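Asker: Starting off with a structure, shown below.
Chains as they are written, first to last, in my numbering: chain W, 1 to 99; chain F, 1 to 348.
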């Protein structure tokens, strides 16, 4: 049983390393936190909705990603395995952009 | 008097909004009961009839002053920017895209792609337009949130062709963002930075309008205009008035008619039931006996975005209807909604 668990861990580790080493795969994995950071930034700072609403609106699809909001910097950061992405408000015309 | 003369006379006599729309309240009880009824996720409805604000209603937390996402309604704003550039002679519908986006000059097949093909969603590029239902195969998600995010026009320009340009209609957010790359070159870098405001938003009084950009400063034409429903109605009203705003011609003569003309490649795809012009959806094309929204007036055309966002323009009723929404299923029917709106106008 211990060997089996160890085997699973090693396979998961290798898959993670493989994804991290491959730029295309990394970009693909980053799609989800990028979506979350960008769209929550827009929801908060462009649509000016409250944080609970914005989290709930987008989290329906993405329950596994952690999110941090910095209201002073008008920035939203999303953490997911392998990728961390942030988006911030540029200005009143151009709205939010991924950093 | 024939319909076109009637419409021309209406444009001459039309009233236009100043800082705010003038109120002229009307009841739309059946449309309201449908749009805001059980199971519907309508966030807002604004109806402009004969140039005045006839009806509006919002569902919390949305209000008259709050912006809403527009998603692919943005593509119809792109249409207008192309119209302005064509009107100024900066680009032509028959121009090869390669003239403005050099990456398209890499082979003869890509050189055949024109501005008009992109306007008609007929580029032939091997694009996968899918959203949350198939995220790993989606060219759109790769463009908006993956490797394409850095420079969306360049990302799309690198796609191989799946069919000869102009022969197959296939709705593509990539076509729109590639077209925006051509607009950028046509306008010139300095002007492009504020082009949506100087060419459109400021002239129409769309003070709430935001247009977000990609990592290279390109306006995301496929998806990222945000505005209040009242301001979205201003844009619809520009098209209802044939590209004129308060006596000023913003879109070239004939541009709205062109935008509402069926993309030729749709007829080459007999199974295709949807109707599309140039970055605008249509209820019917020339020669159609069946309407796409059967209960809505035949001349309805629309800017439409993900999850139910829409600007419906119906010249025969002198009306613009904006609906913002959070439709996550198929409960809402455009046809039924517009049937109720039309019945209220005709019954008056």
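Cβ atoms here follow ideal geometry from the backbone N, Cα and C, with glycine treated the same way. Since this is a predicted model, take the numbers as computed values, not measurements.
Take the Cβ of residue 132(F) as the centre, count every other Cβ of all protein chains shown within 10 Å, and call the residue buried at 16 or more, exposed below.
Answerer: exposed
Asker: Does the beta carbon of residue 326(F) fall short of 8 Å from some heavy atom of the ligand ADP?
Answerer: In the structure shown, the ligand ADP is absent, as is every other ligand, since no ligand is present at all.
Asker: Identify whether residue 251(F) lies in helix, strand or coil by the three-state DSSP scheme.
Answerer: coil
Asker: Tell me which same chain residues have a C-beta within less than 6 Å of the C-beta of residue 239(F), skipping the five on either side of it?
Answerer: 256 and 313
Asker: Excluding the 5 residues preceding and the 5 following residue 212(F) in the sequence, name in chain order all residues of the same chain whose CB lies nearer than 7 Å to its CB.
Answerer: Excluding sequence neighbours, residue 212(F) sits near 220 and 224.
Asker: Is there a Cβ of chain F sitting closer than 9 Å to that of residue 69(W), yes or no?
Answerer: no
Asker: In terms of residues, what are the limits of the beta strand (DSSP E) holding residue 305(F)?
Answerer: 301-305
Asker: Chain F beta carbons: is any one of them nearer than 9 Å to that of residue 93(W)?
Answerer: yes
Asker: To the nearest angstrom, how far is it from the Cα of residue 127(F) to the Cα of residue 75(W)?
Answerer: One C-alpha to the other measures close to 32 Å.
Asker: Can you look up residue 258(F) in the DSSP assignment and give me helix, strand or coil?
Answerer: helix
Asker: Quick one: is residue 120(F) near chain W, going by C-beta distance under 9 Å?
Answerer: no
Asker: With 9 Å set as the bound, which would you pick, yes or no: does the beta-carbon of residue 34(W) sit closer than that to a beta-carbon of chain C?
Answerer: Included in the structure are the protein chains W and F, with no chain C among them.
Asker: Quick one, which of 50(F), 82(F), 14(F) and 29(F) has its alpha-carbon nearest residue 252(F)'s?
Answerer: 82(F)
Asker: Does the Cβ of residue 65(W) have 16 or more other Cβ atoms within 10 Å, making it buried, or fewer, making it exposed?
Answerer: buried
Asker: With H, G and I counted as helix, E and B as strand and the rest as coil, what does DSSP make of residue 76(F)?
Answerer: helix
Asker: Which residue wins for smallest C-alpha separation from residue 80(F), given the options 308(F), 310(F), 316(F) and 280(F)?
Answerer: Per the Cα distances, 280(F).
Asker: Taking C-beta pairs closer than 9 Å, name the residues in chain W that residue 61(F) reaches, listed in chain order.
Answerer: 49, 50 and 53
Asker: Per DSSP, which residues does residue 55(F) bridge with? Please list them.
Answerer: 47(F)
Asker: Taking the C-alpha atoms as reference points, what is the distance between residue 144(F) and residue 44(W)?
Answerer: 19 Å
Asker: Would you call residue 91(W) buried or exposed, if buried means 16 or more other Cβ atoms sit within 10 Å of its Cβ?
Answerer: When all chains shown are included, residue 91(W) counts as exposed.
Asker: Going by CA-CA distance only, name the one from 38(W), 26(W) and 47(W) that's closest to residue 78(W).
Answerer: 38(W)
Asker: Taking 9 Å as the CB-CB limit, is residue 135(F) close to chain W?
Answerer: yes
Asker: Listed in chain order, which residues of the segment 215-234 of chain F have Cβ atoms closer than 8 Å to some Cβ of chain W?
Answerer: 215, 224 and 226
Asker: So, does the segment 104-124 of chain F touch the segment 202-209 of chain F, judging by three or more C-beta pairs under 8 Å?
Answerer: no
Asker: Between residue 27(W) and residue 327(F), what straight-line distance do the alpha-carbon atoms span, to the nearest angstrom?
Answerer: Roughly 29 Å between the two C-alpha positions.
Asker: Counting only Cβ pairs nearer than 8 Å, list the residues of chain W close to residue 207(F).
Answerer: In chain order: nothing, as chain W lies at least about 10 Å away.
Asker: Please go through the same chain and pick out, in chain order, the residues whose beta-carbon is closer than 6 Å to the beta-carbon of residue 285(F), but skip the five residues on each side of it.
Answerer: 262 and 275
Asker: What does DSSP give as the partner residues of residue 182(F) in its beta bridges?
Answerer: Answer by DSSP bridge pairing: none, since residue 182(F) is not bridged.
Asker: What does the Cβ neighbour count give for residue 250(F), buried or exposed, with the cut at 16 atoms within 10 Å?
Answerer: It counts as buried.
Asker: To the nearest angstrom, how far is it from the Cα of residue 1(F) to the Cα of residue 164(F)?
Answerer: Note that residue 1(F) has pLDDT 48, beneath the 50 cutoff, so the model's placement of it is unreliable and no number is given.
Asker: In its own chain, which residues sit with a C-beta less than 7 Å from the C-beta of residue 31(F), not counting the 5 before and 5 after it?
Answerer: 337, 340, 341 and 344
Asker: Closest Cβ-Cβ distance between residue 80(W) and chain F: below 9 Å?
Answerer: no
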